[in-house]
Amino acid sequence: MSLQKTRDFGDHTWKKLSQQELDVILDKHMLFANGRTGGERATLSMHDLSYLDLSRRNLARIECAGTLFCHCDLSDTNLEGAVLFAADMRFTNLKRTVLDKADIRGACLAGSNLEGASLVDADMRDGILLKPQKGGGDLIQVVHEDATGGLEKANLRGANMTGAKVSDSMIVQTDMTDCILRHAKFIRTNLSLSNLTGCDLEGADFTDANLSGAIFHGAVFNNTNLSNADLSGADLVGAIFDNMDLTKVNLDVAYLAKRIEDMDVSLQEAILMHARWVDSNGSEGQRAVFSKTDLTDKDLSGVNLAASDFSFAILQRTDFSRSELLMADLSFADLRKANLARSDLRGAKLSRANLAEANMVGALLGEIIISTKAQGGKVRANLDHAILRDAQMNGADLRNADLESADLRGADLRDADLRGASLLDADLTNADLRGANLSGADKRGAVGLPSDMVREDDVID
111 MSLQKTRDFG DHTWKKLSQQ ELDVILDKHM LFANGRTGGE RATLSMHDLS
161 YLDLSRRNLA RIECAGTLFC HCDLSDTNLE GAVLFAADMR FTNLKRTVLD
211 KADIRGACLA GSNLEGASLV DADMRDGILL KPQKGGGDLI QVVHEDATGG
261 LEKANLRGAN MTGAKVSDSM IVQTDMTDCI LRHAKFIRTN LSLSNLTGCD
311 LEGADFTDAN LSGAIFHGAV FNNTNLSNAD LSGADLVGAI FDNMDLTKVN
361 LDVAYLAKRI EDMDVSLQEA ILMHARWVDS NGSEGQRAVF SKTDLTDKDL
411 SGVNLAASDF SFAILQRTDF SRSELLMADL SFADLRKANL ARSDLRGAKL
461 SRANLAEANM VGALLGEIII STKAQGGKVR ANLDHAILRD AQMNGADLRN
511 ADLESADLRG ADLRDADLRG ASLLDADLTN ADLRGANLSG ADKRGAVGLP
561 SDMVREDDVI D
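Numbering-wise, the sequence shown is residues 111 to 571 according to the numbering used here.
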């Protein structure tokens with residue numbers, strides 16, 4: 111079937127290009143973008159490039175206002191400073207694409223994949239493209255078939271949107287897990303039902319934004335502007351709040367951590383019942399469930415809390431020193447400045463927990479061998495995506511621990527045992543690894559490791 115050369119929607123015409131025709135234009139543009147002779151800036155505004163391949167190219171400063179990119183492959187492409195005003199980019203592959211300082215106003219990115227993309231200082235505000243009617247006369251809006259501006263149901267996992275301008279946009283039901291949104295502008299933006307788990311929201315502006323039903327597990331709010339924002343029905347359990355004013359925020363029926371005073375039993379009673387539950391292998395007593403509970407500054411030192419549930423709990427400065435926390439669930443817990451020195455955390459779940467500045471000196475975070483009548487095996491401690499910035503972990507036992515994508519910047523890991531640990535994509539920038547044993551550790555994608563750690567088996571001097 112031959113390709114149509116033009117595509118009409120009402121008074122609007124898009125010029126269709128074949129892959130071969132596009133490649134010739136893009137090759138010249140790459141010469142231009144790289145400062146080479148013979149180059150020419152590509153102007154592809156009002157062209158139909160649907161389903162074509164533009165991946166792995168330097169297309170910085172390309173001109174594509176109103177262009178159709180539906181189902182295109184733009185992965186790993188440099189679009190820094192590109193003009194994508196009112197472009198139709200529905201269901202486009204933009205994984206790891208650089209869109210820094212790009213003009214994306216009024217573009218439709220519904221259903222697109224922006225996982226790992228960089229949108230630093232990008233302009234993603236609302237906007238409309240106007241052009242004269244055929245035969246002259248008033249300006250009319252260029253409208254893409256069934257498309258409206260915004261990021262509805264897009265995938266933005268791990269994208270860097272620092273300083274991006276996204277005001278007045280539609281980002282409904284969008285996956286923004288682990289996005290960096292520092293100082294981004296979301297004024298009057300509709301983010302309802304979106305997933306912002308693990309997002310860095312420092313300095314972001316959500317004035318008058320619709321955040322109803324959004325998920326903020328493990329998200330960090332620090333000097334974030336939420337003036338007149340609607341957070342009704344939002345799930346804020348496990349979110350971190352620092353330097354925040356929530357007096358003008360609609361928190362109706364929002365999900366927040368409950369106070370220990372609101373529990374049916376006292377803290378002491380719960381601990382005693384849990385001890386009976388552990389000693390009797392579950393036949394007596396009751397498992398301690400402190401999920402979504404605020405236990406800030408509580409003293410739980412030297413207590414047997416094996417297999418307890420502290421998921422999404424607020425545990426700032428809580429003292430767990432020398433406590434038994436084997437197989438405990440501490441996922442998404444706020445453990446900033448908590449004392450876990452010499453505690454037993456073998457097999458514990460600490461996925462996405464915030465352990466910044468925690469004391470974990472001599473803690474046991476290795477595997478535990480379990481055996482039941484039905485099955486047995488080893489269970490390792492899970493710290494994937496955990497925040498361990500500036501944590502004191504010297505002498506900790508982390509053998510075979512899962513530290514995938516963990517933030518270990520500035521952590522004290524002197525003499526720590528990391529043999530067989532997974533450090534896949536972990537950040538160890540400025541971590542102190544003197545005397546640490548990383549023999550057999552999976553270091554693929556890890557950043558911040560000393561340059562002399564090129565060997566498979568390493569002990570840092």
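All C-beta atoms in this analysis are idealised placements derived from N, C-alpha and C, irrespective of residue type, glycine included.
Note that the coordinates shown come from a computational prediction; the quantities given were computed from them, not determined experimentally.
query, result
"Whether Ala217 touches Ile172 by CB criterion (9 Å)", "no"
"Whole-number beta carbon distance between Leu493 and Ala516, since they are thought to touch under 8 Å", "5 Å"
"Where Ser581 falls, given that 16 or more other Cβ within 10 Å makes a residue buried", "Limits of the chain in this structure are 111 at one end and 571 at the other, which puts residue 581 out of reach."
"Three-state class that DSSP yields for Met140 in the structure shown", "helix"
"Residue burial classification, Thr272 (beta-carbon count within 10 angstroms, cutoff 16)", "buried"
"Lys488 burial status per 10 Å Cβ neighbour count (16 or more: buried)", "exposed"
"Residues of its chain near Ser433, where Cβ-Cβ distance is below 7 Å and the 5 sequence neighbours each way are ignored", "Leu410, Ser411, Gly412, Val413, Leu415, Ser453"
"Alpha-carbon to alpha-carbon, Leu291 and Asp512", "26 Å"
"Straight-line gap, Asp535 to Ala466 (C-alpha atoms, nearest Å)", "18 Å"
"Selection from Ile478, Lys553, Arg369 that minimises the alpha carbon distance to Leu435", "Ile478"
"Nearest neighbour of Leu184, chosen from Leu164, Ala196, Gly313, Val388 [CA to CA]", "Leu164"
"DSSP three-state assignment for His327, whether helix, strand or coil", "coil"
"For Asp181, three-class secondary structure by DSSP", "For the sequence presented, residue 181 should be read as His rather than Asp. Residue state, collapsed to three classes: coil."
"Ser222 beta carbon less than 9 Å from that of Leu209", "no"
"Rounded straight-line distance, which links the Cα of Met156 to that of Thr123", "7 Å"
"Inter-stretch contact (C-beta, 8 Å, three-pair minimum) for the stretch 338–352 and the stretch 321–329", "yes"
"Between the CA atoms of Ser279 and Leu219 - distance to the nearest angstrom", "11 Å"
"Simplified DSSP assignment, three categories, for Gly555", "coil"
"Rounded separation between Ser112 and Leu162 - CA only", "In this predicted model, Ser112 has a pLDDT of only 29, less than 50, meaning its place in the structure is not dependable enough to derive any value."
"Member of Ser337, Val347, Arg369 whose CA lies at the smallest distance from the CA of Asp355", "Ser337"
"Those residues which DSSP pairs with Arg369 across a bridge", "Asp404"
"With 16 other Cβ atoms within 10 Å as the buried cut-off, status of Asp407", "exposed"
"The beta strand (DSSP E) enclosing Ile497, as first and last residue numbers", "Per DSSP, Ile497 belongs to no beta strand (DSSP E) and is neither H nor E."
"Simplified DSSP assignment, three categories, for Arg377", "Here residue 377 turns out to be Leu, not Arg, going by the sequence shown. In this structure, Leu377 counts as helix in the three-state DSSP scheme."
"Beta-carbon proximity list for Asn547, same chain, < 7 Å, skipping 5 on both sides", "Asp527, Leu528, Arg529, Val569"
"His157, DSSP secondary structure in three states", "strand"
"Test item: CB-CB of Ala319 and Leu301 under 9 Å", "yes"
"Exposure of Ala556, with buried meaning 16 or more beta-carbon neighbours within 10 Å", "buried"
"DSSP state of Gln283 mapped onto helix, strand, coil", "coil"
"Exposure label - Ile480; buried when at least 16 CB within 10 Å", "exposed"
"Under 9 Å between C-beta atoms of Ile297 and Gly328", "no"
"Beta-carbon proximity check, His495 vs Asp288, cutoff 9 Å", "yes"
"Chain-order list of residues whose beta-carbon lies under 7 Å from that of Val347 (same chain, five-residue window excluded)", "His327, Tyr365, Leu366, Ala367, Lys402, Phe422"
"Distance, Ala232 Cα to Asp186 Cα", "17 Å"
"Ser160 versus Ala175: straight-line alpha-carbon distance, rounded", "14 Å"
"Residue of Ala541, Asp525, Leu224, Lys459 minimising C-alpha distance to Leu498", "Ala541"
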